[in-house]
Amino acid sequence: MVAAIVNTLVQGVLIGGLYALFALGLSLSVGVMRAVNVAHGDFIVVVSYLLLSIATGFGLNIFLALALVLPVAFLGGFALQRYLLQRVSGKAVLAPLLVTFGLAIIIQNGLLEGYGADPRVLPGGALETKVVSIFGMQLGLMPLVTLAAAIVLIFALDRLLYKSQVGALIRAVSDDPGAASLIGLSPNQVYGIAMGIVGMTVAVAACFMGLRSNFDPASGPGNLLIAFESVVLGGLGSLWGTLAGGVVLGVAQGVGGQIDFAWQTLAGHIVFLAVLAVRPQGLFPRY
Amino acid sequence: MSEPRLTVEGVSVYYGPFRAVHDVSLTVGAGEIVSVIGANGAGKSSLLKAIVGQADRCEGRIAMNGADIGRMGTPAIVRAGVALVPEGRRLFPNLTVEENLSLGWRVGRRGGPRLADVYDIFPVLKERRSSPARVLSGGQQQMVALGRALLADPRFLLCDEISLGLAPTVIADLYALLPGIRDRGIGIVLVEQDIGRSLRASTRFYCMLEGRISLSGSPDAFDRETITRSYFGS
Ligand SMILES: Nc1ncnc2c1ncn2[C@@H]1O[C@H](COP(=O)(O)OP(=O)(O)O)[C@@H](O)[C@H]1O
Ligand SMILES: [Mg+2]
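Keeping their order, the protein sequence lines are chains A and B. FYI, the numbering for the first sequence is 2 to 288, going by our numbering. FYI, the numbering for the second sequence is 4 to 237, going by our numbering.
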């Protein structure tokens, strides 16, 4: 009994690591650009397909494929911000929402056209089946690596934002874009860099999503919802909070799934709403 | 070549159909302190915003050392050497004092004073360098705003009501720094609602009334009553 409960909790924490990976990019773009990118989940899916094509096409290890995709993802994020999102930012709140909504539809249909509707997985090699024993529990190595990746990525992002010069630029523009231009900073340039970093987190999320679960062209909106709930649960602007939000969702889903399989996703949403009702600012608000 | 100077010619600033600044011309030379006085709403801030390219809509010509800067964006104007210490200071509230200051240097022209120089001028900022700017007192925030602008190594420094809301001793300290800045060859435009202090600090002044220049010249050339009349209108 106790072992089963502990197992449910641990599995929840592990899936929370994946959710945090989904959410990190969204957390950054909401925090810096103050805009919700409705296509965030679809970006993750499109990069998963890109990784799939590279890994299977060239017979590359998936993590090597990821390393190749990271700079592309940075440039993709930068270009997306500079040449598309920037044109509609600051006008009306609705405009960026509509543009990214349109992008989501284009991506979903494009992927359906190019890859078909069949679910895919990324090839994880030996990592897929490896199991390690911790305190007598048999845990998959892949979920552990995913959680570790989330922790490392959050640590790196936290350092970048709060300890580096680039981070200071990003936070300055996020605080007050008008004041940033008054000291000679070009906010649009900085937004581009921030979105490039978001692109890199999307690539990491795409890799682990594809390794841990099936994905198909319609997986995006589900990822977006998870990411959104993790960000809000954790508290806007807090990276570690985003991990906590993901873990809370993961555990809630695990516990719900134990009660009744149909309850799995619903339990996550219910806990999300419940926490929001008691703590509208999220668990760990940054300010 | 003409001597280094910032020139504003026939500038008007609009907010929608409303004309907040009406055909204003003004000039400041390198190493000169000029003040712009006027009551609340006279258009002083709008004029300064227009100079750094932050006005929504603006007509007229703005030139630095003969080169037109009126069509450049704000970041480019600032990097060319025009720094504004804005009304309300506009610090980055969640950045530390040191981050606020070093961004000024990093993004600026990097030729002038360094962080250590600013800490020499304002020792209290060194003590508080790791605090977020939002927790500082008004006077300390104004020191950061001024320090940040100086670190950008400006040729021309525009100060919008740096004395607003500060204790008289703090104001006196800030004003005491201005001659030193001027003597490094920087042209300063001081915008103030307060008449006395800014006029004493400057060699020339412009008085604004409802968007227009109502009087200008040397402070010594007019008696107090004439200036007051141009300030309030009669
Ligand atoms: N953003 C704005 N939108 C509309 N009107 C404005 C705006 N900013 C200033 N004004 C108006 O323009 C006039 C001049 O304002 P301002 O330049 O701030 O004057 P001052 O700095 O001399 O107090 C005022 O009548 C003010 O109400
Ligand atoms: Mg003003």
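Using N, Cα and C, we set each Cβ at its ideal position, and we do this for glycine too. In this text the structure is predicted, and so the values were computed from the model without any measurement.
Test: residue i CB closer than 8 Å to a CB of chain B
| i | result |
| --- | --- |
| LEU158(A) | no |
| ALA93(A) | no |
| ILE184(A) | yes |
| GLN166(A) | yes |
| LEU170(A) | yes |
| ALA40(A) | no |
For residue i, the first and last residue of its enclosing beta strand (DSSP E)
| i | result |
| --- | --- |
| ALA86(B) | 85-88 |
| TYR84(A) | Unbroken run through TYR84(A): none, as it is neither H nor E. |
| SER217(B) | 215-220 |
| ILE36(B) | 36-41 |
| THR10(B) | 8-18 |
| THR130(A) | Counting along the chain, THR130(A) falls outside any beta strand (DSSP E), and DSSP gives it neither H nor E. |
| ARG64(B) | 60-67 |
8 Å Cβ cutoff, residue i in contact with chain A
| i | result |
| --- | --- |
| PRO3(B) | What the structure shows of chain B is the stretch from 4 to 237, and residue 3(B) is not part of that stretch, so it cannot be assessed. |
| GLU164(B) | no |
| ALA155(B) | yes |
| VAL16(B) | no |
| MET4(B) | For MET4(B), the pLDDT reaches just 46, beneath the cut-off of 50, and the residue's location in the model is therefore unreliable, although a value from the coordinates is still provided. Cβ-Cβ to chain A under 8 Å: no for MET4(B). |
| VAL3(B) | What the structure shows of chain B is the stretch from 4 to 237, and residue 3(B) is not part of that stretch, so it cannot be assessed. |
| GLU90(B) | no |
| GLY114(B) | no |
| ARG187(B) | no |
| LEU161(B) | no |
| GLU12(B) | no |
Within chain B, the residues that residue i reaches when beta carbons sit closer than 9 Å
| i | result |
| --- | --- |
| ARG88(A) | By Cβ distance, chain B contributes nothing, its closest Cβ being about 16 Å from ARG88(A), past 9 Å. |
Cα-Cα separation, residue i to residue j
| i | j | result |
| --- | --- | --- |
| GLY236(B) | SER201(B) | 19 Å |
| SER48(B) | VAL89(A) | 28 Å |
| ARG187(B) | GLY247(A) | 56 Å |
| ARG227(B) | LEU104(B) | 39 Å |
| GLY251(A) | PHE273(A) | 11 Å |
| ALA206(A) | LEU183(A) | 36 Å |
| ASP123(B) | PRO89(B) | 23 Å |
| MET4(B) | VAL37(B) | Because the pLDDT at MET4(B) is just 46, under 50, the model does not fix this residue reliably, and the point stays unresolved. |
| ALA83(B) | ALA275(A) | 53 Å |
| GLN87(A) | ALA93(A) | 12 Å |
| LEU186(A) | ALA79(B) | 9 Å |
| THR2(B) | PRO171(B) | Only positions 4 to 237 of chain B appear in the structure, and residue 2(B) is not among them; the question remains open. |
| LYS164(A) | THR77(B) | 27 Å |
| VAL85(B) | ARG132(B) | 25 Å |
| GLY91(A) | TYR18(B) | 18 Å |
Contacts of residue i in chain A (Cβ-Cβ under 8 Å)
| i | result |
| --- | --- |
| LEU167(B) | Residues of chain A passing the Cβ test: none, with the nearest at roughly 17 Å. |
| ARG60(B) | Going along chain A, no residue has its Cβ under 8 Å from ARG60(B), so there is no contact; the nearest lies around 16 Å. |
Residue i: first and last residue of the uninterrupted alpha helix (DSSP H) it sits in
| i | result |
| --- | --- |
| ARG240(B) | With chain B represented from 4 up to 237, any question about residue 240(B) goes unanswered, as that position is not in the structure. |
| ASP176(A) | 166-176 |
| THR206(B) | First-last for THR206(B): undefined, no H or E at that position. |
| GLU114(A) | 95-116 |
| VAL192(B) | From DSSP, VAL192(B) is part of no alpha helix (DSSP H) but of the beta strand (DSSP E) over 190-195. |
| ASP156(B) | Segment: none, ASP156(B) is in no alpha helix (DSSP H) and carries neither H nor E. |
| ILE54(B) | 47-54 |
| ALA268(A) | 265-279 |
Per-residue contacts from residue i into chain A (C-beta, under 7 Å)
| i | result |
| --- | --- |
| ASN68(B) | In chain order: nothing, as chain A lies at least about 18 Å away. |
| VAL110(B) | ILE184, GLY185 and LEU186 |
| ARG82(B) | GLY185 |
| ARG151(B) | ILE184 |
Proximal residues of chain B, C-beta to C-beta of residue i below 7 Å
| i | result |
| --- | --- |
| ASP177(A) | ARG93 and PHE95 |
| ALA173(A) | PHE95, LEU98 and LEU106 |
Partners in chain B for residue i, counting only beta-carbon separations shorter than 8 Å
| i | result |
| --- | --- |
| ALA180(A) | PRO89, ARG93, LEU94 and PHE95 |
Original post:
Are at least three pairs of beta-carbons, each pair with one atom in the region 55-69 of chain B and one in the region 152-161 of chain A, less than 8 Å apart?
Top reply: no
**OP:** Evaluate the contact criterion for the region 196-204 of chain A versus the region 128-144 of chain B: three or more CB pairs, one atom per stretch, below 8 Å.
**Re:** no
Original post:
Pairing CB atoms from the region 48-57 of chain A with CB atoms from the region 172-182 of chain A, are three or more of them under 8 Å?
Top reply: no
**OP:** Count the C-beta pairs between the region 231-247 of chain A and the region 11-19 of chain A that are closer than 8 Å, then say yes if the count reaches three, no if not.
**Re:** yes
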